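Heads up: the structure comes next, in structure tokens.
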Amino acid sequence: GDSVTQMEGPVTLSEEAFLTINCTYTATGYPSLFWYVQYPGEGLQLLLKATKADDKGSNKGFEATYRKETTSFHLEKGSVQVSDSAVYFCALKGSSYKLIFGSGTRLLVRP
Amino acid sequence: KAGVTQTPRYLIKTRGQQVTLSCSPISGHRSVSWYQQTPGQGLQFLFEYFSETQRNKGNFPGRFSGRQFSNSRSEMNVSTLELGDSALYLCASSLGQQNTGELFFGEGSRLTVL
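Protein chains in written order, with the numbering used here: chain B, 51 to 161; chain H, 6 to 119.
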């Protein structure tokens with residue numbers, strides 16, 4: 051069945067460092083891909099999405115490109131801030147009725 | 006406009022009891038999904054409702070049930086609580102009949118079973 055694999059955390063960075071969180075997926079067909087973010091004590095928020103191969107989703111300085119050849123959707127940001135500290139979830143919506151989430155990657159940004 | 010509202014935010018129950026959690030979706034949203042979030046299992050899909058009908062159900066025992074009302078508000082119920090039911094229960098709403106994967110989540114109801 052469809053699945054999402056994320057790099058394990060926590061990822062600890064200093065402010066203004068470059069961020070990459072790896073995400074790969076397994077799915078039949080052409081799924082839509084998402085990154086959701088969960089700040090402490092809150093629910094999940096949609097950060098960005100891509101619905102077809104080579105699409106780039108972007109929001110708040112974060113970017114991710116839908117790479118069908120490598121079945122990947124890695125999240126990147128050029129310069130992280132302390133306020134970016136959160137848990138990031140990669141997710142896919144394929145032919146199944148449900149949104150399938152990865153295990154989440156905790157990001158800690160130090161001043 | 007107001008976001009997804011879940012009540013209660015925190016609750017403590019003992020084994021064997023039952024619990025009802027409530028979710029009010031964003032105004033105009035007709036689809037409501039429920040997820041269980043635990044450190045060990047991550048986010049697991051419970052069920053999805055659209056126009057008062059359960060469209061899909063995840064792999065949870067029958068102790069977990071839910072319903073949706075005509076105003077799109079939803080409740081989920083867990084009977085005969087077990088220690089392993091301790092989790093953050095998240096409700097999410099979406100606008101249309103087709104699940105596109107774009108969900109709007111509430112802050113969750115954190116259930117602790119003692």
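Heads up, the beta-carbon is just placed ideally off N, CA and C, and yes, glycines get one too. Note that the structure is predicted; figures quoted are calculated from it, not measured.
query = In the region 90-115 of chain H, which residues sit with their C-beta less than 9 Å from some C-beta in chain B, listed in chain order?
reply = Leu-93, Leu-95, Cys-96, Ala-97, Asn-104, Thr-105, Gly-106, Glu-107, Leu-108, Phe-109, Phe-110, Gly-111, Glu-112, Gly-113
query = Buried or exposed: which applies to Val-164 of chain H, given that a residue is buried once 16 or more other Cβ atoms fall within 10 Å of its Cβ?
reply = Coverage of chain H is limited to positions 6 through 119, which leaves residue 164 of chain H absent and any answer about it impossible.
ask   = Checking contacts by CB at 9 Å: is Ala-141 of chain B closer than that to chain H?
value = yes
inquiry  = Measuring alpha carbon to alpha carbon, tell me which residue in H:Thr-117, H:Ala-97, H:Ser-114, H:Gly-47 is nearest His-34 of chain H.
reply    = H:Ala-97
Contacting residues, own chain, Cβ-Cβ under 6 Å from Asn-1 of chain H (five flanking each side not counted) = One cannot answer for residue 1 of chain H here, as it falls past the ends of chain H, which runs 6 to 119.
9 Å Cβ cutoff, Glu-53 of chain H in contact with chain B = yes
key: Cutoff 8 Å; reference Gly-79 of chain B; Cβ partners in own chain excluding five residues on either side   = Gly-144, Ser-145
task = Identify each residue in the region 73-87 of chain B for which the Cβ-Cβ distance to at least one residue of chain H is less than 7 Å, and report them in chain order.
result = Ser-82, Phe-84
Cβ neighbour criterion (16 or more within 10 Å) applied to Gln-73 of chain H = buried
inquiry  = Tell me which residues share the same chain as Lys-106 of chain B and place their Cβ nearer than 8 Å to its Cβ, disregarding the 5 neighbours each side in the sequence.
reply    = Ala-100, Glu-113, Ala-114, Thr-115, Tyr-116
task = Have a look at Gln-41 of chain H and Phe-109 of chain H and give me their C-alpha separation to the nearest angstrom.
result = 15 Å
ask   = Who are the neighbours of Gly-47 of chain H on chain B, taking C-beta pairs under 9 Å?
value = Phe-139, Phe-151, Gly-152, Ser-153, Gly-154
Cβ-based burial, Tyr-89 of chain B [other Cβ within 10 Å; buried from 16] = exposed
message = On a Cα-Cα basis, can you pick out the residue from H:Phe-50, H:Gln-59, H:Glu-87 that is closest to Gly-21 of chain H?
response = H:Glu-87
request  = For Ser-82 of chain B, I'd like the list of residues in its chain whose CB is within less than 6 Å of its CB, leaving aside the five on either flank, ordered along the chain.
outcome  = Thr-101, Lys-143
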